[in-house]
Amino acid sequence: MKGLKQFNGHKGIFAFRIDLDFFHPKHVEKTLEAAEKHWIKMTWFVNMETGQFHEREIKRIAKTQDVQNHGFLHETFKNSEKNLENIMKADKLLQEMDIKCSSFAAPFGFWNKELGKALEKTGYEYSSEFREGKSIFPFYPNTGEKKARVLQVPIHPICLGNLFESGYNEKEAIEYFGKIIKLLYEKQVPIFLYGHPTGRLGAYPKVLEKIFEKVNELDDIWFTNLTDYAGFWKKKKFKQRETGWDEHNVFVEDKKSKRKKIKAFYKGQLMRVEKKKISKRLHK
Ligand SMILES: [Zn+2]
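Here the sequence shown is numbered in my numbering, starting from 12 and rising by one per residue.
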């Protein structure tokens, strides 16, 4: 396997996105500990409706991690002004904590054109929403207006919470992430994963540790974070990269007992989640 120019010459690339919705200090601490133990700088999108009350903890996270904006209200609106207002309210609260943001991750991963238009007005560099069926590599979404400047950085859209809700236990979840990491690496697409600390990664920090260990076993990985990678992608002016795999960005494993929720795909080894169900299930 050769390196890719989109990976800065490396064979693979890894980043982890945290969505911090409801601030649970203990679970945040456990998540942070796992990252620091493995020297991983993750990108934390912090919701500021609860985040506003945790200045000390957010500043602590920012010492080793990349802190970004997950909105004030945990909602995407159908109106551009409302989206902009919601983004900038969180931006201001973070600025008051001496944190300057350059990106946004939409609550529940819900991107719409009205959000796209709002993002163009923020001066932000990128957003991250995992729009399945579009692309696995970064791209500029169509906002219906002139060419977008805000890059979209997709991630693999199955998090620990989705697995738990589909009946996986901790051990099975670790196996799932092990398999998906291997698959993404072999396909030479970004290994960009995400998760939530509260009740998930922070309650089961072993899952995160096993993910880091698994990636560490791979040859020639560029460990980065979403912000650095978006900057790299824009600087290099890459065009959208076709993978021939674009429609298949979403997988869960073949768990026979969960037939109702998932649909056969990919030689019976992996399963594709039905689109409708994804949007309901994602990002809980
Ligand atoms: Zn969220």
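Every residue, glycine too, gets a C-beta built ideally from N, C-alpha and C. As the structure is a computational prediction, the values presented were derived from the model and not from experiment.
Discussion item. Looking only at its chain, what residues have a beta carbon closer than 6 Å to the beta carbon of I110, apart from the 5 residues adjacent to it on each side?
Written reply: The residue you call residue 110 lines up with position 99 of the sequence shown. Excluding sequence neighbours, I110 sits near A73, V78.
Worksheet entry | Contiguous alpha helix (DSSP H) assignments of at least 4 residues, all confined to the segment 166-196 | 171-176
Worksheet item: Would you call the segment 31-44 and the segment 212-226 in contact, with 3 or more CB pairs under 8 Å?
Response: yes
Fill in: Expected contact under 8 Å - CB spacing of I29 and G206 to nearest Å
For the purposes of this step, residue 29 is taken as the residue at position 18 of the sequence shown. For the purposes of this step, residue 206 is taken as the residue at position 195 of the sequence shown. Rounded, the Cβ-Cβ distance is 7 Å, consistent with contact.
Worksheet item: Who are the Cβ neighbours of I227 in its own chain at under 8 Å, not counting the five residues just before and after it?
Response: Position 216 of the sequence shown, counted from the start, is the residue given in the question as residue 227. Note on residue identity: the sequence assigns Asn, not Ile, to residue 227. Taken in chain order, the residues that qualify are H49.
Discussion item. Is F119 near ligand 1 - that is, is its Cβ less than 8 Å away from at least one heavy atom of it?
Written reply: One-based indexing of the sequence shown puts residue 119 at position 108. Yes, the beta carbon of F119 sits closer than 8 Å to at least one heavy atom of ligand 1.
Worksheet item: Which residue comes first and which comes last in the alpha helix (DSSP H) that contains Y205?
Response: Against the sequence shown, residue 205 aligns to sequence position 194. Taken as a continuous stretch (DSSP letters only), Y205 belongs to no alpha helix (DSSP H), being part of the beta strand (DSSP E) at 202-206.
Discussion item. Which same chain residues end up closer than 6 Å to A101 when comparing Cβ atoms and leaving out the 5 residues on each side of it in sequence?
Written reply: Position 90 of the sequence shown holds residue 101. Cβ within range, chain order: M59, N80, G82, F83.
Fill in: Where A26 falls: helix, strand or coil (DSSP)
As a working mapping, residue 26 is identified with position 15 in the sequence shown. In the structure shown, A26 sits in a strand (DSSP, three-state: E or B).
Practice prompt. Helix, strand or coil for L162, going by three-state DSSP, please let me know.
Written response: Here residue 162 corresponds to residue number 151 of the sequence shown, with the count starting at 1. DSSP places L162 in strand when its eight states are reduced to three.
Worksheet entry | For G20, the three-state DSSP class (helix, strand or coil) | The residue you call residue 20 lines up with position 9 of the sequence shown. DSSP places G20 in coil when its eight states are reduced to three.
Worksheet item: Can you round the beta-carbon distance between G23 and I169 to whole angstroms, since I take them to be within the 8 Å contact cut?
Response: For this step, residue 23 is matched to residue 12 along the sequence shown. For this step, residue 169 is matched to residue 158 along the sequence shown. In fact, because the Cβ distance is near 19 Å, the residues do not count as touching under 8 Å.
Worksheet item: Can you name the residues that DSSP bridges to Y137?
Response: Indexing the sequence shown from 1 puts residue 137 at position 126. Per DSSP, S114, L162.
Worksheet item: Beta carbon of F56: closer than 8 Å to some heavy atom of ligand 1?
Response: Taking the sequence shown and counting its residues from 1, one reaches residue 56 at position 45. Yes, the beta carbon of F56 sits closer than 8 Å to at least one heavy atom of ligand 1.
Worksheet entry | Check: H81 C-beta below 8 Å from any heavy atom of ligand 1 | Within the sequence shown, numbered from 1, the residue matching residue 81 stands at position 70. Yes; taking the cut-off as 8 Å, the Cβ of H81 has a heavy atom of ligand 1 nearer than that.
Item to complete: Return yes when the C-beta of H49 is under 8 Å from any heavy atom of ligand 1, and no when it is not.
Response: Locating residue 49 in the sequence shown gives position 38, counting from the first residue. Checking every heavy atom of ligand 1 against the Cβ of H49, none is found closer than 8 Å.
Item to complete: Find out if the Cβ-Cβ distance for the pair A241, L162 is shorter than 9 Å.
Response: As a position in the sequence shown, residue 241 is number 230, starting the count at 1. As a position in the sequence shown, residue 162 is number 151, starting the count at 1. Yes, they are a contact pair.
Discussion item. Less than 7 Å between C-beta atoms, sequence neighbours within five positions excluded: which residues of the same chain meet that for N236?
Written reply: Locating residue 236 in the sequence shown gives position 225, where the first residue counts as 1. Once the five neighbours on either side are set aside, the close Cβ partners of N236 are A26, K52, M53, T54, D77.
Worksheet item: Taking the alpha-carbon positions, what's the G172 to K250 distance?
Response: Taking the sequence shown and counting its residues from 1, one reaches residue 172 at position 161. Taking the sequence shown and counting its residues from 1, one reaches residue 250 at position 239. Roughly 33 Å separates the two Cα atoms.
Fill in: For V218 and N180, the rounded distance between their alpha carbons
Counted from its first residue, the sequence shown places residue 180 at position 169. Counted from its first residue, the sequence shown places residue 218 at position 207. Taking the straight line from one Cα to the other gives about 11 Å.
Discussion item. Could you compute how far the alpha carbon of K157 sits from the alpha carbon of T133?
Written reply: One-based indexing of the sequence shown puts residue 157 at position 146. One-based indexing of the sequence shown puts residue 133 at position 122. So the two alpha carbons sit approximately 16 Å from each other.
Worksheet entry | Alpha-carbon spacing of K93 relative to L229, whole angstroms | On the sequence shown, residue 93 is found 82 positions in, with the first residue counted as 1. On the sequence shown, residue 229 is found 218 positions in, with the first residue counted as 1. Their backbone Cα atoms lie some 44 Å apart in a straight line.
Discussion item. Spatial neighbours of L195 within its chain, please: C-beta separation below 6 Å, excluding the five flanking residues on both sides.
Written reply: As a first step, residue 195 is located in the sequence shown; it is residue number 184 there, counting from the start. The answer, listed in chain order, is I202.
Worksheet item: With burial defined as no fewer than 16 other Cβ atoms inside 10 Å of the residue's Cβ, what is the status of F64: buried or exposed?
Response: In the sequence shown, residue 64 corresponds to position 53, counting from 1. Flag for F64 reads exposed.
Fill in: Which of helix, strand or coil DSSP assigns to T154
Here residue 154 is taken as the residue at index 143 of the sequence shown, counted from 1. Coil, per DSSP.
Worksheet item: Hey, how far is the Cα of K248 from the Cα of F56?
Response: Counted from its first residue, the sequence shown places residue 248 at position 237. Counted from its first residue, the sequence shown places residue 56 at position 45. Distance between the alpha carbons of K248 and F56: 25 Å.
Practice prompt. Determine, using beta carbons only, whether E136 and S114 come nearer to each other than 9 Å.
Written response: Within the sequence shown, residue 136 is the residue found at index 125, counting from 1. Within the sequence shown, residue 114 is the residue found at index 103, counting from 1. In this structure, S114 lies closer than 9 Å to E136 by Cβ.
Worksheet item: Which same chain residues, not among the five before or five after H21, have their C-beta less than 8 Å away from its C-beta?
Response: The sequence position of residue 21 within the sequence shown is 10, counting from 1. Cβ neighbours of H21 beyond the five flanking positions: G14, L15, D231, I232, W233.
Worksheet item: Does the Cβ of H35 lie closer than 8 Å to at least one heavy atom of ligand 1?
Response: Sequence index remark: in the sequence shown, residue 35 carries index 24 (1-based). No, Cβ of H35 sits at least 8 Å from all heavy atoms of ligand 1.
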